[in-house]
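Residue numbers (the UniProt record's numbering), protein chains in the order written: chain A, 1 to 257; chain B, 1 to 267.
Single-structure report; data block below.
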Amino acid sequence: MKRLVIALIFFGALIVLWDLAVRSGRWSVVLLPSPISVADYIWTALLDGTLLDAAWVTLKRLFVGYIAGVIIGLPLGLLTSTSQVLEDTIGALALGLQTLPSVCWVPLALIWFGQTEGAMLFVVIMGTVWSVIIATDNGARNIPPIYARAARTMGSEGFHKWTRVILPASLPFLVSGMKQGWAFAWRSLMAAEIYVTILTGFGLGHLLHYGRELNAMDQVIGIMIVIVLIGWLADRCLFSPWERFLHRRWGTNVKAS
Amino acid sequence: MEPLRTSSDNRPAKLIIEEVSKSFVASRAVVHALDNISLTVPEGEFLCLIGPSGCGKSTLLDIIAGLTKPDAGRVLADGKVVRGPGQQRLVMFQESALFPWLDAFGNVMFGLKLRPDLTNHERRKIADYYLELVGLEKFKHAHVHELSGGMKQRVALARALAPDPQVLLMDEPFAALDALTRDQLYSDIQRIWMESRKTIVFVTHNVREAVCLGDRVILMSPSPGRIAQVFDIPLPRPRDINSPDLAGYAYEIAAALKGTLEGAAYE
Chain A
1 MKRLVIALIF FGALIVLWDL AVRSGRWSVV LLPSPISVAD YIWTALLDGT LLDAAWVTLK
61 RLFVGYIAGV IIGLPLGLLT STSQVLEDTI GALALGLQTL PSVCWVPLAL IWFGQTEGAM
121 LFVVIMGTVW SVIIATDNGA RNIPPIYARA ARTMGSEGFH KWTRVILPAS LPFLVSGMKQ
181 GWAFAWRSLM AAEIYVTILT GFGLGHLLHY GRELNAMDQV IGIMIVIVLI GWLADRCLFS
241 PWERFLHRRW GTNVKAS
Chain B
1 MEPLRTSSDN RPAKLIIEEV SKSFVASRAV VHALDNISLT VPEGEFLCLI GPSGCGKSTL
61 LDIIAGLTKP DAGRVLADGK VVRGPGQQRL VMFQESALFP WLDAFGNVMF GLKLRPDLTN
121 HERRKIADYY LELVGLEKFK HAHVHELSGG MKQRVALARA LAPDPQVLLM DEPFAALDAL
181 TRDQLYSDIQ RIWMESRKTI VFVTHNVREA VCLGDRVILM SPSPGRIAQV FDIPLPRPRD
241 INSPDLAGYA YEIAAALKGT LEGAAYE
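Below is the structure:
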């Protein structure tokens, strides 16, 4: 409760500072809209449905792309952890492509897929899959070998060993890898939406883009705040429960490490 | 394959180790971990393997477990050649190899769930029974990191006993524990062994521990790993690690152990 109060005071103070800066009159309201007008934009956009529609379009792309990325990346990561050859080939490829900023996939996606949903998904998947591969591979390699030995003596082999020992044992690494993959997916999708106008769906990135085109700073800042809130909520709802579970079971503070 | 019997008594042989050799390639040098080891363990024996580090005692345990393949020779368990790990010979490791994603009960259940011949109800009853046997029924749902070192090893013992293995292989299981906890576990493991009459092979580098627990103590010498000497310990049970009766045997074995080290140093 105390933490919540402190956080509320902090963000309240930020908004007050912002408002004071606007009221000082040093900057044009075209460049720096007041908090009230931004809140007003968000409220209107919520009421007329544009914001919810755009958020829905964006989140749908994000979830589909992210889940596809995890479904591809997880087994590949487990696979690369099992052999040196795969590590030196697929692992090296993943490491290289992971360093490529995912916005760099946008031109390629446009040429291959055109202005379609496919291009959007492709960019999100490319943003997700490499970091999931690397995190999974890293996790599976860092499992204490004694777990696998103990499991083998108890008769756990093959599929059972992978699903009941290797996978849960690498959970701390998996969760941080999934979280990283999520962050990359989110960033790459925003980049793609700002760059690419497609007719099949109008996402948050597009709203941001048209805010700029119309010189509507209240829209630009309002959408930015919504994007931050969605990212924050995703972290809280999707990953915090896992981190708390790990903390309870492993006794380590995953967040601090 | 007629009489699988040892010279010292007439119980049937549980484990026969026949001319087992194993070497490892370490950085640039080939290490002869085991050189032509032959050994017979009768059913129900508590056998202790002792020796300085590098004598191959843990390697020998791994080979008996089926986790490591010997370069030459073979291991027979109940007259059958060991080709891989199996629930007939369960291992308890030095560090707790408990799975942190499961609670104490889940860890004990792990091996039981790999027994298709049991119903879930039976598995739960067995797991409860062994947790009670090691005195941890109140910690059934404790997470691994909440248990003390001694409690972790008790759970590990329950987990190894629960699938009812014929042979229990213990690799310095108490080495990382404090003295008081160890003393308690010595009496527990003796009580459990006397009740269950399992065959136990126990690796240690602690002479008193070996004398306290073993029917026989096998002293191994390092580089290459060989059996140096065999000691029978005919003391009554349960034995107290601090009893003066143990001291004579311990003294004798400690002297022989020192001899293997000096011998190795001049080799």
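All residues carry an ideal CB built from backbone N, CA and C; glycine is no exception.
Source: prediction; values computed, not measured.
Residues in the stretch 145-174 of chain A having any Cβ partner in chain B nearer than 8 Å: Ile146, Tyr147, Arg149, Ala150, Ala151, Arg152, Thr153, Met154, Gly155, Ser156, His160, Arg164, Val165, Pro168, Ala169, Leu171
Contact the stretch 210-229 of chain A vs the stretch 69-80 of chain A: 3+ CB pairs below 8 Å: no
Local conformation of B:Glu137 per DSSP, three classes: helix
Residues of its chain near A:Gly139, where Cβ-Cβ distance is below 6 Å and the 5 sequence neighbours each way are ignored: Ser170, Phe173, Leu174
Unbroken alpha helix (DSSP H) run spanning A:Arg61, endpoints: 50-82
Opposing strand residues paired with B:Glu18 [DSSP bridges]: B:Arg74
Given 8 Å, three or more beta-carbon pairs between the stretch 171-190 of chain B and the stretch 87-101 of chain B: yes
CB of A:Asp137 within 8 Å of CB of A:Ser81, strictly: yes
Chain-ordered neighbours of A:Trp250 on chain B, where CB pairs are closer than 9 Å: Pro100, Trp101, His143, Val144, His145
C-alpha gap between B:Pro85 and A:Thr153, whole angstroms: 5 Å
Nearest-angstrom beta carbon gap, A:Gly222 and A:Val38 [assumed within contact, 8 Å]: 5 Å
Three-way DSSP call (helix, strand, coil) for A:Val29 in this model: coil
A:His160 - DSSP class collapsed to helix/strand/coil: helix
B:Glu2 at chain A interface by Cβ criterion, 8 Å: Only weak support exists for where B:Glu2 lies, its pLDDT of 41 falling under 50; the coordinates are left without a value.
Contact set between B:Val167 and chain A, taken where Cβ atoms lie within less than 7 Å: Under the 7 Å cutoff, chain A gives no residues; its nearest Cβ is about 11 Å from B:Val167.
Burial state of B:Asn107 (16 or more Cβ within 10 Å): buried
Burial state of A:Tyr41 (16 or more Cβ within 10 Å): buried
Bridge-paired residues (DSSP) for B:Met48: First, the amino acid is wrong: residue 48 of chain B is Cys here, not Met. BP columns for B:Cys48 point to B:Phe202, B:Val217.
Start-to-end residues for the alpha helix (DSSP H) that takes in A:His247: 240-250
is_contact[B:Pro238, chain A] using C-beta, thresh 8 Å: no
Residue-chain proximity (B:Pro163, chain A), Cβ-Cβ < 8 Å: yes
Proximal residues of chain A, C-beta to C-beta of B:Gly135 below 8 Å: Within 8 Å Cβ-Cβ: nothing; B:Gly135 doesn't reach chain A, min ~22 Å.
Chain A within 8 Å of B:Leu49, Cβ atoms only: no
Extent of the continuous alpha helix (DSSP H) run through A:Thr116: Segment: none, A:Thr116 is in no alpha helix (DSSP H) and carries neither H nor E.
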